[in-house]
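Those protein sequence lines, which keep their order, are chains A and B.
Quick note, the first sequence lines up with residues 1 to 187 if you use the numbering used here.
Quick note, the second sequence lines up with residues 1 to 95 if you use the numbering used here.
A virtual CB, placed ideally from N, CA and C, is assigned to each residue, including glycine.
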Amino acid sequence: MESNLAQQNPDDPRSELAVADEARQRLAAGLRLPRGLHPALAAAVAVQVCAGAYGIAAQTAAGLAVALAGVAVLMGVAALLLYQFRRINGVRVDGLSSRIVLGTGGTSTLVYMVGFGAATWAAFESRWWLVAVAAVAAGVGYSFGTLQWWHAYRHDPAAHANGASPRVLAALAALACLGLVALLIAG
Amino acid sequence: MAELDPLIHAPARLQVLTTLSAVSEAEFATLRAAIEVSDSVLSKHISTLADAGYVRSRKGVRAGRRTTWIRLTGAGRQALREHVAALRRLIDAVD
């Protein structure tokens, strides 16, 4: 099982680099996303946007509870998806964690912000169908951003593997909840 | 100018560090499958790299089984970058 080590010329730097790169590509090519990741993520984001928009517009204790429940749904789904990814593949990739939990990256952030803003405005205007449309658009865009990252990662794993560590993500999630509470109390 | 790192010069160790650069942390068996070496060979290389501070390992659980998880440290990432740069200069010099 000493495989390709024996096949290469150890004195040839080009061969050394090629074999090392092959091993990295083999690992990256073997990674699989959990089944249903994109629809589950899109649905969780849509729920969170709906709940957040309702909570901000309601400006009541019940609204606050709904908004926090929305965040909890998103964090719960994200944690489950990341656990499944780690269990299926035997690796942790912080770049993926950042995409799923924080929506980092141009497409995800932009679509989420626009969708959340539109949903909040629609909630203040009591246009609930528009809240739903904006939330679904935000969810689909967020999930699409993750898909874009995945393709980029498969193409160049070393360049896209890094991201926020699980501890940083947990701290940011707690901070987001506190910020939402402050926003609603101030409102 | 960065020099070749004698610790990474062994092809299997270069493979370990290069493969770990694609993830934040990898389970021992996953790494072994990617590099295609035996348990004992990988253990030995991980131990050497850990002693140099290039990787860090920890005990963890995967699917209910106790396993070892390995990750590249900042020093390991830097050493890999410099070693690869030195190898590329060698290639350029030959070309």
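Proximity to Asn-162 (chain A) [Cα-Cα], best of B:Arg-58, B:Tyr-54 and B:Ala-22: B:Ala-22
Contact check, Ile-91 (chain B) vs Ile-70 (chain B), beta carbons under 8 Å: Contact: no.
Alpha carbon of Val-49 (chain A) to alpha carbon of Glu-125 (chain A), nearest angstrom: 16 Å
DSSP three-state assignment for Val-93 (chain A), whether helix, strand or coil: coil
Partner residues on chain A for Ala-75 (chain B), Cβ-Cβ distance less than 8 Å: The premise fails here: Ala-75 (chain B) is roughly 16 Å from chain A at the closest Cβ pair, so nothing lies under 8 Å.
Close Cβ partners of Leu-175 (chain A) (< 8 Å) along its chain, the five nearest in sequence each way excluded: none
Check whether Ala-53 (chain A) and Thr-109 (chain A) have beta carbons under 8 Å apart: Thr-109 (chain A) is positioned such that its CB atom lies no closer than 8 Å to that of Ala-53 (chain A).
Pairwise C-alpha distance: Ser-165 (chain A) and Ala-171 (chain A): 10 Å
Chain-ordered neighbours of Glu-16 (chain A) on chain B, where CB pairs are closer than 8 Å: Pro-11, Leu-14 and Leu-87
Candidates A:Ala-58, A:Arg-32 and A:Pro-157, of which the one nearest Gly-95 (chain A) by Cα: Put simply, of A:Ala-58, A:Arg-32 and A:Pro-157 the residue whose alpha carbon is nearest the alpha carbon of Gly-95 (chain A) is A:Pro-157.
Contact set between Ile-91 (chain B) and chain A, taken where Cβ atoms lie within less than 7 Å: Pro-13 and Arg-14
Chain A contact residues for Thr-19 (chain B), given Cβ-Cβ distances below 7 Å: Correct list: Ala-23, Arg-24 and Leu-27.
Given Thr-18 (chain B) as reference, the closest of B:Val-94, B:Ala-85 and B:Asp-39 once Cα atoms are compared: B:Ala-85
Cβ pair Leu-33 (chain A), Phe-85 (chain A) closer than 8 Å: yes
Straight-line gap, Asp-12 (chain A) to Leu-87 (chain B) (C-alpha atoms, nearest Å): Answer to the nearest angstrom: the Cα atoms are 9 Å apart.
Cut-off 7 Å between Cβ atoms - residues of its own chain near Ala-75 (chain B), not counting five sequence neighbours on either side: Excluding positions up to five away in sequence, the list reads Gly-53 and Tyr-54.
Simplified DSSP state of Leu-72 (chain B), which is helix, strand or coil: In the structure shown, Leu-72 (chain B) adopts extended strand secondary structure according to DSSP, grouped into three states.
For Gly-60 (chain B), the three-state DSSP class (helix, strand or coil): In the structure shown, the three-state DSSP call for Gly-60 (chain B) is strand.
Those residues which DSSP pairs with Arg-65 (chain B) across a bridge: DSSP output for Arg-65 (chain B) lists B:Arg-62 as bridge partner(s).
Under 9 Å from the C-beta of Thr-101 (chain B): neighbouring residues of chain A: No information on residue 101 (chain B) is available, as it lies outside the stretch 1 to 95 that chain B covers here.
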